[in-house]
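Below you'll find the structure, written out as structure tokens, and then a few comments.
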Amino acid sequence: MRFRETINARIKDNITQVMLVIETAIIFGVFQVLTNGTFLTSRNLTNIMMQGCVYSIMGIGIVFVMVSGNMDLSGGSVLGFLTAVGATMQVAGQGTLITILTMLLAGGAIGVWQGVWVAYRNLPSFIVTLTGMLMFRGLCLLVGGGATVGPVSKSFGAIGADYLPSFFTDKYYDSTIIIFAIVIVITIVMMFESRKNKQKYALPVESWPKFYGKILLVVFALILVAAILNSYQGLPYALLLLGALGCVFTYVSRNTVFGRYVFAIGGNSEATRLSGINVKKITLQVYILMGFLVAVASVVYLGRVGQATASAGKDFEFSAITGCIVGGVSTLGGIGSVPYAILGTILMTGLDNGMSLMNLDATYQYIVRSLVLLFAVAIDVASKTEKKS
Amino acid sequence: MTDYILEMQEITKTFPGVVALDKVSFRVKCGEIHALVGENGAGKSTLMKVLSGIYQKDSGKMLLNDKEQFFNGVNDSENAGIAIVHQELNIVKNLTVSENIFLGSELRKSGVKNSVIDKGRQYTKAKELLDIVGLDVSPNTQASRLSPGQQQMLEIAKVLNKDASVVVFDEPTSSLTEQETDKLLALLKKLQGRGMTLIYISHKLSEVFRIADTATVLRDGKTVITKLMGDLDENELIQHMVGRELTNLYPKLAHTVLTGTSALEVANWSVSHSSITGKMLLDDINIYANKGEILGIVGLMGAGRTELALSIFGADYKNTSGILKINGKEKKINSPKDAIRSGISYVTEDRKKLGLVLGGTIRSNVALSNFNKLSRFGIINNNKEITEVARYSKELRVKAPSIMQLAKNLSGGNQQKVVLAKWLMTNPDILIVDEPTRGIDVGAKYEIYTIMERLAAEGKCVIMISSEMPEIIGVCDRVYVMVEGRVAGELTDEDISQINIMKCIQGGKANEVS
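Top line first, the protein sequences correspond to chains A and B. Residues in the first sequence are numbered from 57 upward in steps of one, following the working numbering. Residues in the second sequence are numbered from 222 upward in steps of one, following the working numbering.
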């Protein structure tokens, strides 16, 4: 009895990790069998990671929005609108750089638009972004004229579709190996440094076996990813960009004043306001950040697909939000982490990809995806609310 | 046959890592008012949760009328005749008084209309219950229109409807005014007269002495003593609670008021109601506070004390008029950020709702108002943050394994210290504390008074808003009495007494009538 209680408590404390492992095992196992082995090929896995980049970059923004206790349903439509803008500019002969800058700026402006309504007019974010979902889909149709616009220039396409070239040899992708080696070394050094620092200030640290286990796991995962990429075409630029954004925004969430304020607002916005923090300003900033990240996702998406369509980005917000929740971001605000949200969104891409590989009818895809989100939220709520009799 | 209605024998309850109750014995005689006292974390709440079936005991025996009981939930204990009036009121505010009373046990019509509520019968029964508790409102009044004191009475009416023979009152007076408390205590005596057995949990020992027949003291999950109130005095009781002799409830006041050096002054300070035109929340307030002074602000609930603090702090009430001076210089304060910059800090009344991010760590809570010191260019200096937070929480003696402990896992007293640490780190010249000791134990109270005393001795200005007369009398140099948005009186030194304060409050009301 006592033993079971301890186990239950352990699971509850690490619910995100436990669920990620279980879901990964189920998704990978089931699809590997159902697709007769096509799922776990380096080609398909690379593909999943590249598709996942778009969701993950959007997901980073969702993490900040949801941690601050808000919601954003407009991501997919905004992405559709921004790709339409970008593709139109490209077709009109504008340069790659100016196109990207315009898209980023437009993303930020959309953030201002939605953020002002949420923060300064006190409208529920759910409603504001629901209207945004319709508005930007409409603007997407307006800009693109309902037709397919494209193709984009070669240099623009590179961002979403190309791979990092080899440095020295053509036999294997040495650039990928070198980058991953550097990342692994830095990760290990940083984990040791952080542990040493915690001990210096007598803060709680995990036991040595757990710590080493964690290092081994991280290193193993990185090597696995490197191996998968290497046996196909190496490291895509998009993934490199995601990695960089992941690092930057993990840092922002943990080590900047802005990040702390976002968590505090999501935890208790009134107490945060009475602590002398301008909650409205921070909320607006969160939406600007979200708009910016959706713009980055749009650039990657447009580069990979090469053209803008009327339905581009449809349901993307669903995958991004589901991924974040699977990655432990709480729907109740105040809790979430960027790296786990990225893992969650990649996992959800795997789910989408697997269902497509199986040629599962869209009808059932919708049903499966809705149930995954529903259960993910149910687990989140159950693990975060105290048991009431 | 014993004359005990309830016997809890050698109850043990453990949670992972903690023994919450260690062979606790608790016996209540039929028809008595039995006080259960102890510091926060002594195990009172856990014991009551075992009694009501929310928790299951690990070992021990529970007898009700000599019959062993096994409760697996609140339903079981209620069926057996045990009811609890919780500290947090469970009133559905958008329902009427009678709907609240019968919530979950609605009276139905007979026959085919069985699923239809019999409003007539509910009305009559509710009226009876309201008469017993002395709540003079119509059963059709919406619950949101009741004052906190009236809501407490409604809660009791709900319990009466359940026909319980043993009723537990958990801190029933923590949000009541002096008068409402008197009324409540009289009601409890009345219920006792009707043959009910009452268990009374309170931090306010004066109340315990006024109504209880017997007291049981818990400390660190163990029963220390059960004694008739007549054989106890307050000092002895406190000694049992804290386990050591506490010579004084209040620290010795050694600070000197620097008279004539006004730290804070407000003149013609008025706040009008945001939606009702012509109604004033604060009406032409003129007060000052000196450096090195502990200034008290007392008044009944709704007298405008918190509104005054919030408007000075720039947190609320945009339609404020008047002049505010800090150190003699006029200032405009439009936001809490402005206030902090001008040297004002405000410890809110409700620490859980307004003071803390409960899901955050001690570290993130204390640092929240202080990133101007703990960061550069928006990047947090982690080492500085950790050392500073650790320094303050050590200074205030926050009891926690580390500063990474979550705020929600701390006891009330420690939570309050975390809030105080946050505000002390902002290094305020003027510290406003709103009900700083509500719901915390004697030891922690003493420590909080000590901190206030220390600040005053450093020449800072401390303004304490409180409903607890003894602490106002115990620590304040000067007191303003507020009545219905106005300052009704000012008392200094020896004149600060319960009688004088009540006189001011009554006088203030009398003026209104004339």
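We put the beta carbon where it would ideally sit given N, CA and C, even for glycine.
Contact check, residue i vs residue j, beta carbons under 8 Å
i	j	result
I338(A)	I321(A)	yes
S375(A)	D408(A)	yes
V387(B)	I226(B)	yes
G200(A)	A353(A)	no
I684(B)	Q626(B)	no
D467(A)	P292(A)	A question about residue 467(A) goes unanswered here, because the residues of chain A that appear run from 57 up to 445.
V382(A)	A438(A)	no
R440(B)	M462(B)	yes
E376(B)	L406(B)	no
L310(B)	I422(B)	no
L503(B)	W490(B)	yes
V342(A)	V313(A)	no
A536(B)	N507(B)	no
I271(A)	I244(A)	yes
K265(B)	V271(B)	no
P393(B)	V306(B)	yes
R696(B)	C725(B)	Here residue 696(B) turns out to be Val, not Arg, going by the sequence shown. Cβ atoms of V696(B) and C725(B): not closer than 8 Å.
V123(A)	I435(A)	no
S590(B)	I547(B)	no
From the options, residue whose alpha carbon lies closest to that of residue i
i	options	result
V654(B)	G664(B), V663(B), L408(B), L676(B)	L676(B)
E253(B)	S688(B), Q363(B), A436(B), V568(B)	A436(B)
G108(A)	L430(A), T419(A), N415(A), G400(A)	G400(A)
N100(A)	L427(A), L429(A), G323(A), I402(A)	I402(A)
M690(B)	E668(B), E674(B), S718(B), G706(B)	S718(B)
M404(A)	V110(A), N92(A), V308(A)	V110(A)
L295(A)	R193(A), G194(A), I398(A)	I398(A)
Y288(A)	K270(A), F212(A), M75(A), M105(A)	M105(A)
P360(B)	G341(B), K574(B), S368(B)	G341(B)
L412(B)	I672(B), D384(B), M450(B), Y471(B)	D384(B)
P665(B)	Q636(B), S563(B), G680(B), A678(B)	In the sequence under discussion, the amino acid at residue 665(B) is Ala, which differs from the Pro named in the question. The residue with the shortest Cα to Cα distance from A665(B) is Q636(B).
D737(B)	K244(B), V249(B), D243(B), Q230(B)	This structure leaves residue 737(B) out entirely; chain B is present only between 222 and 735.
G633(B)	F534(B), A263(B), S273(B)	A263(B)
T498(B)	Y344(B), L470(B), N540(B)	N540(B)
D505(B)	N511(B), G520(B), I544(B), Y471(B)	I544(B)
M450(B)	N456(B), D434(B), I459(B), Q460(B)	D434(B)
I116(A)	V428(A), T378(A), C196(A)	T378(A)
S623(B)	V168(A), Y257(A), L153(A)	Y257(A)
S483(B)	K244(B), Y509(B), K553(B), L474(B)	Y509(B)
L278(A)	T204(A), V350(A), I233(A)	I233(A)
T94(A)	L427(A), L358(A), L157(A), G410(A)	G410(A)
E668(B)	A642(B), E401(B), Q371(B), E715(B)	A642(B)
Opposing strand residues paired with residue i [DSSP bridges]
i	result
M283(B)	M229(B)
D181(B)	As shown, chain B starts at 222 and ends at 735. That puts residue 181(B) outside it, with no answer to give.
A510(B)	L485(B)
D391(B)	I422(B)
E711(B)	Y701(B)
Y257(A)	Y257(A) is not bridged to any residue.
P292(A)	Y219(A)
H255(B)	I420(B), T435(B)
Y567(B)	I653(B)
Q363(B)	T317(B)
8 Å Cβ cutoff, residue i in contact with chain D
i	result
F319(A)	Included in the structure are the protein chains A and B, with no chain D among them.
Practice prompt. Answer yes if the region 221-228 of chain A comes into contact with the region 158-174 of chain A, meaning at least three C-beta pairs across the two stretches below 8 Å, and no otherwise.
Written response: no
Worksheet item: If you measure beta-carbon to beta-carbon, which residues of the region 611-634 of chain B are closer than 8 Å to chain A?
Response: A611, P622, S623, I624, M625
Item to complete: Return the residues of the region 430-457 of chain B that lie within a Cβ-Cβ distance of less than 9 Å from chain A, sorted by chain order.
Response: none
Item to complete: Determine, using beta-carbon pairs with one atom in the region 327-335 of chain B and one in the region 298-307 of chain B, whether at least three such pairs fall under 8 Å.
Response: no
Practice prompt. Note down, in chain order, all residues in the region 244-261 of chain A with a beta-carbon under 8 Å from any beta-carbon belonging to chain B.
Written response: N253, Y257, A258, L259, P260
Worksheet item: Is there contact between the region 502-519 of chain B and the region 474-484 of chain B, where contact requires at least three CB pairs shorter than 8 Å?
Response: yes
Item to complete: Decide if the region 703-720 of chain B is in contact with the region 523-532 of chain B; the criterion is three or more beta carbon pairs, one per stretch, under 8 Å apart.
Response: yes
Discussion item. Using a Cβ-Cβ cutoff of 8 Å, what residues of the region 580-600 of chain B are near chain A? List them in chain order.
Written reply: G580, G581, S585, A588, L589, S590, F592, S596, G599, I600
Worksheet item: For the region 193-204 of chain A, which residues have a beta carbon sitting closer than 7 Å to at least one beta carbon of chain B?
Response: none
Practice prompt. Below 7 Å between beta carbons is the criterion; list the residues of the region 297-317 of chain A that meet it against any residue of chain B, in chain order.
Written response: N311, T312, V313, F314, R316
Practice prompt. Inspect the CB distances between the region 595-613 of chain B and the region 326-334 of chain A and report whether three or more fall short of 8 Å.
Written response: no
Item to complete: Indicate whether the contact test is met: 3 or more Cβ pairs, each with one atom in the region 194-208 of chain A and one in the region 125-143 of chain A, closer than 8 Å.
Response: yes
Worksheet item: Of all the residues that make up the region 332-363 of chain A, which are near chain B by a beta-carbon distance shorter than 8 Å?
Response: G332, I333, N334
Practice prompt. Could you list the residues in the region 303-335 of chain B with a C-beta less than 9 Å from some C-beta on chain A, going in chain order?
Written response: none
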